[in-house]
Amino acid sequence: MQLLDGKLISAQIKEELKVEVQKQIENGGKIPHLAAILVGTNGASETYVASKIKNCGEIGFRSSLIRYDSTVTETELLDKIIEINQDDDIDGLIVQLPLPDHISVDKVIETIDVRKDVDGFHPINLGRMAKGLPSYISATPFGVIELIKRYKIETAGKHCVVVGRSQIVGLPVSLLMQRNTYPGNSTVTIIHSRTQNLKEICLQADIIIAALGRPEFITADMVKEGAVVIDVGLTRVEDATKKSGFALKGDVKFDEVAPKCSYITPVPGGVGLMTIAALMTNTLLSARKEIYG
Ligand code: GUN
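Counting in this note's numbering, the sequence shown runs without a single skipped number right up to 295 at its last residue.
Written out as structure tokens, the structure reads:
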């Protein structure tokens, strides 16, 4: 069993980006600039956004954090997005999810200029990705694919089972795994809360991508000997022994599943860190106008 070390690979990607940014600046190019909007005080969102901002600084990007109280109106938020869309210095804009119930996530995402949608959530980016056209690939699926690529894991002709059908992870990662390129060319099955013979399907998988957000859902009896297991789950679970009061749990029961795997991602230290590296990559692509010109 080999660990898919997201910590190591994301650090390598960050180093590569740092060199690229330096070169770009020396050649008179623009400093990539990411803007992040954070609404309310959700603990996990605070942590994620703080990490994104910190990573920008470490790589040499500019960043702007715009914070709103959870009582912000939808109109106020949309007006801010329109203002950022028109700001030529800002290359990438993300609105951290979840948002309060009175704000339409779809409206927010569709208001972001598709050329600045470095989260890849806009329907045009998702649609272009599905068609195999240049687009921003959302950070988590991008991170998963990059991890597979950097470890040179064979995907062609393999049965890849994606557990979970979210628009942010399950759906896009399943599209990526079936495309006619590497990583891809897998036979993909998406399973979800209404799937009946879930365990039997998982047992047929050469590659399992677990993205359902239920801690330790995937157990050893669901995994074939030699499978590749990629755990996208990252749920806060109360844990009085931790200073923070919580532990981060993946969707896979790591201790019992790991001995059966050829490769497996740890949690934390797996996919989570890769998503930030992917977001940073998208921001550089945007500053260079590589996707939309
Ligand atoms: N909430 C959970 N994951 C993400 C993400 O990748 N981007 C944004 N904007 N919000 C999220």
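The beta-carbon is built from N, C-alpha and C at its ideal position, and this holds for glycine as well.
The structure displayed is predicted, hence computed values, not measured ones.
Q | Bounding residues of the alpha helix (DSSP H) (the contiguous stretch that carries Tyr50) | A | Gly45 to Ile61
Q) What runs of the alpha helix (DSSP H), each 4 residues or longer, lie entirely inside the region 168-215? A) 172-180 and 200-205
Q: Assign Pro34 to buried or exposed, taking buried as 16 or more other Cβ atoms, counted over all protein chains shown, within 10 Å of its Cβ.
A: buried
**Q.** Cβ-based neighbour list, Ser47, same chain, cut-off 7 Å, excluding 5 preceding and 5 following
**A.** Leu40 and Gln98
Q) When the Cα atoms are used, what is the spatial distance from Thr221 to Gly272? A) 18 Å
Q.
I'd like to know if the region 273-283 and the region 138-146 are in contact, where contact means that at least 3 CB-CB pairs between them fall below 8 Å.
A. yes
Q | Where Phe144 falls: helix, strand or coil (DSSP) | A | helix
Q) Can the beta-carbon of Gly172 be found closer than 8 Å to that of Val163? A) no
Q: Express the C-alpha separation of Asn199 and Glu17 in angstroms, rounding to a whole number.
A: 44 Å
Q) First and last residue of the alpha helix (DSSP H) that includes Arg130? A) Pro125 to Lys133
Q.
Going by C-alpha to C-alpha distance, which of Leu19, Gly247 and Val120 sits closest to Gly45?
A. Gly247
Q.
Looking at the strands, I want to know which residues DSSP matches up with Ser65.
A. Leu36
Q: Could you tell me if the beta carbon of Leu99 falls within a distance shorter than 7 Å of some heavy atom in the ligand GUN?
A: yes
**Q.** DSSP three-state assignment for Glu218, whether helix, strand or coil
**A.** coil
Q) Could you check where the beta strand (DSSP E) with Glu18 kicks off and where it finishes? A) Here Glu18 belongs to no beta strand (DSSP E); instead the alpha helix (DSSP H) covers Gly8 to Glu28.
**Q.** C-beta atoms of Ile231 and Ile210 nearer than 8 Å
**A.** For clarity, residue 231 is Val in the given sequence; the question names Ile instead. Going by C-beta atoms, Val231 is nearer than 8 Å to Ile210.
**Q.** Start-to-end residues for the alpha helix (DSSP H) that takes in Leu318
**A.** Outside the modelled stretch of the chain, which goes from 3 to 295, sits residue 318, for which no answer is possible.
Q.
On the CB-based measure, 16 or more other CB atoms within 10 Å of its CB, does Asp233 come out buried or exposed?
A. buried
Q: Spatial neighbours of Cys263 within its chain, please: CB distance less than 8 Å, with the 5 preceding and 5 following residues excluded, ordered by chain position.
A: Met3, Val225, Gly228, Ala229, Val230 and Val231
(Q) Quick check on the burial criterion: 16 or more other C-beta atoms within 10 angstroms. Buried or exposed for Thr113? (A) buried
Q. Which term fits Lys291, buried or exposed, when burial requires 16 or more other beta carbons within 10 angstroms of its beta carbon?
A. exposed
Q.
Please give me, in chain order, every unbroken run of the alpha helix (DSSP H) with length at least 4 that falls completely inside the region 220-290.
A. 256-259 and 273-289
Q. Taking the alpha-carbon positions, what's the Asp90 to Gly134 distance?
A. 28 Å
Q: Work out the CA separation of Ser188 and Gly159 for me, nearest whole Å.
A: 5 Å
(Q) Below 7 Å, is the gap between the Cβ of Ala141 and the nearest heavy atom of the ligand GUN? (A) yes
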